[in-house]
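In the UniProt record's numbering, the protein residues as written are 1 to 332. Just so it is clear, CB atoms sit at the ideal spot from N, CA and C, and this is done for glycine as well. This report refers to the structure that appears directly beneath it.
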Amino acid sequence: MMTSTQIHYYDGKINHVHLAELLPHPQGAIVRYGDEEKLYTFDQMTYIGALGKILPVIELPNDARIEFLTADVPEWLQLKQRKLSERVHKIEGSWRWIAVSFVAMIVVVVTTFKWGIPFAAHEIAMQLPEKTLNTLGNQAQQFIIDQTEKSELTPQRQQQIRALYQNNIQATRPATIVFRKGGNFIHANALAVPNGTIILTDELVKLTKSDNELLGVLAHEQGHLDEKHSLQQALQSLGITILYVALTGDSSDILGGLPLAMVSAKYSQSFELQADQHAIAEMRRMNVSPQYLADFLQRLSQESGEDQEASDFLHSHPTTAKRIAQIEAQSP
1 MMTSTQIHYY DGKINHVHLA ELLPHPQGAI VRYGDEEKLY TFDQMTYIGA LGKILPVIEL
61 PNDARIEFLT ADVPEWLQLK QRKLSERVHK IEGSWRWIAV SFVAMIVVVV TTFKWGIPFA
121 AHEIAMQLPE KTLNTLGNQA QQFIIDQTEK SELTPQRQQQ IRALYQNNIQ ATRPATIVFR
181 KGGNFIHANA LAVPNGTIIL TDELVKLTKS DNELLGVLAH EQGHLDEKHS LQQALQSLGI
241 TILYVALTGD SSDILGGLPL AMVSAKYSQS FELQADQHAI AEMRRMNVSP QYLADFLQRL
301 SQESGEDQEA SDFLHSHPTT AKRIAQIEAQ SP
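Rendered as structure tokens:
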């Protein structure tokens with residue numbers, strides 16, 4: 001005796017549902033409604049399992065369709081897609097699996113943002129051609145120029161600082177030193193732009209008490225420049241988009257927003273400590289105590305306060321206390 005299952009059947013010809021019976025057949029299943037019978041073979045059926053409160057359906061040729069009236073599908077209807085769909089449906093209804101999936105999702109998200117995105121940003125920054133770096137850097141530099149004022153340092157003082165850099169700082173790609181009056185935009189600050197430029201503000205220069213302190217700042221910025229930290233930080237700010245770029249190699253859609261992102265980027269603690277380590281190594285090579293850099297940071301922090309606008313160098317260079325401790329620990 002054949003076991004029948006009541007279903008809703010759409011024949012694909014008219015927008016009308018038939019109350020029908022589904023009966024087993026060696027090659028598939030028979031749909032019986034009214035005086036009509038239609039045979040569908042297994043390879044003509046596409047099973048779509050239950051999803052939440054949505055009941056199972058079978059898609060058929062010529063827009064025909066079977067809708068089950070309950071989640072119970074006949075055992076004899078052994079379709080390839082059915083086992084997988086039923087497993088998914090079972091998982092959806094299991095709080096244990098939901099909890100495991102939720103924890104797994106959190107692990108994936110944390111791993112992606114903590115390691116995946118920074119890794120992708122580093123790889124992209126290091127592989128971008130010099131022409132692209134210059135273009136992005138020039139745009140970022142022009143934005144800074146437009147928002148700041150002409151330096152009031154004397155030409156002689158500017159030349160002294162440039163000579164200080166050229167005669168002391170080792171760099172595979174020597175930087176161009178540009179001076180600007182930071183004003184309300186960047187205040188006392190130094191910026192490493194990936195086109196090979198280090199921008200020093202008048203306010204920062206005037207806060208230094210010696211050329212050795214300036215050497216510490218310049219060596220620190222050279223560290224940012226060598227590692228393309230501003231570009232990496234800007235790329236990281238794009239979040240998950242950067243993983244797509246790393247996988248496809250198509251960076252055309254993101255390059256337009258990078259110059260502004262580079263200007264507004266706040267360096268991560270990791271980048272700051274890396275740049276400080278570069279400065280420490282450079283100052284030791286020059287027989288200059290890294291304590292000069294620590295003294296400058298300490299004075300800047302005390303005079304302006306890290307929560308005040310005037311300490312913009314500290315705003316874009318966070319974790320000052322930890323940085324000072326690291327530098328002092330490696331100073332003679």
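Straight-line Cα distance separating residue j from residue i
i, j, result
"L215", "L293", "8 Å"
"A321", "E328", "11 Å"
"L79", "Q44", "10 Å"
"Q330", "R284", "10 Å"
"N168", "M286", "7 Å"
"P61", "T70", "23 Å"
"A20", "L51", "23 Å"
"G182", "F143", "13 Å"
"V17", "E75", "24 Å"
"V205", "L164", "13 Å"
"P129", "Q236", "19 Å"
"Q326", "P332", "12 Å"
"E36", "N15", "17 Å"
"Q277", "S230", "17 Å"
"V288", "H224", "20 Å"
"L77", "Y40", "12 Å"
"S311", "V103", "Because S311 sits at a pLDDT of 47, beneath the cut-off of 50, its placement in the model cannot be relied upon, and the following sentence gives the value as read from the coordinates. Spanning the two alpha carbons is a distance of roughly 41 Å."
Contact belief for residue i with residue j at Cβ below 8 Å, rounded distance in angstroms
i, j, result
"A190", "E149", "Incorrect: roughly 16 Å between the Cβ atoms, too far for contact."
"D202", "E152", "6 Å"
"T208", "E272", "Actually they do not touch by this definition, with Cβ atoms about 19 Å apart."
"G12", "D63", "4 Å"
"A275", "P290", "About 12 Å; that fails the 8 Å criterion."
"L22", "T46", "Actually they are not in contact, since the Cβ atoms of L22 and T46 sit about 15 Å apart, beyond 8 Å."
First through last residue of the alpha helix (DSSP H) which encompasses residue i
i, result
"Y165", "155-168"
"residue 334", "It is not possible to answer for residue 334, since the shown part of the chain is limited to 1 through 332."
"K131", "130-147"
"E213", "211-227"
Under 8 Å between C-beta atoms of residue i and residue j
i, j, result
"I186", "V193", "no"
"P174", "Q166", "yes"
"T176", "T197", "yes"
"E324", "L297", "Inspection of the sequence shows that residue 324 is occupied by Ile rather than by Glu. Their beta carbons are under 8 Å apart, which means I324 touches L297 by this criterion."
"L55", "F68", "yes"
"Y33", "Y10", "no"
"I66", "I7", "yes"
"F179", "Q159", "no"
"E282", "A188", "no"
"T3", "P24", "yes"
Delimiting residues of the beta strand (DSSP E) encompassing residue i
i, result
"V288", "Unbroken run through V288: none, as it is neither H nor E."
"H187", "That residue, H187, is in no beta strand (DSSP E); it is neither H nor E in DSSP."
"I199", "197-201"
"L22", "18-25"
"A29", "28-33"
"I58", "57-59"
"Y40", "36-41"
"Y47", "46-48"
"T70", "Premise fails: T70 is in no beta strand (DSSP E) and is neither H nor E."
"Q78", "It is not in any beta strand (DSSP E) - Q78 carries neither H nor E in the DSSP assignment."
"I54", "Here I54 belongs to no beta strand (DSSP E), and DSSP marks it neither H nor E."
"T5", "5-10"
"R180", "176-181"
Beta-carbon contacts of residue i that lie in its chain and below 6 Å, excluding the five residues immediately before and after
i, result
"K38", "V31"
"V217", "A190"
"G137", "V193, P194, N195"
"Q147", "F185"
Cβ shell of residue i (< 7 Å), same chain only, five flanking positions each side left out
i, result
"Q233", "A265, Y267, S268, F271"
"L133", "P194, N195"
"E227", "Q274"
"E59", "T46, I48, R65"
"K131", "none"
Same chain, Cβ closer than 8 Å to residue i, five either side skipped, listed in chain order
i, result
"R162", "I177"
"E213", "Y292, L293, D295, F296"
Distance cut-off 7 Å: residue i Cβ against heavy atoms of the ligand SAM
i, result
"K150", "In the structure shown, the ligand SAM is absent, as is every other ligand, since no ligand is present at all."
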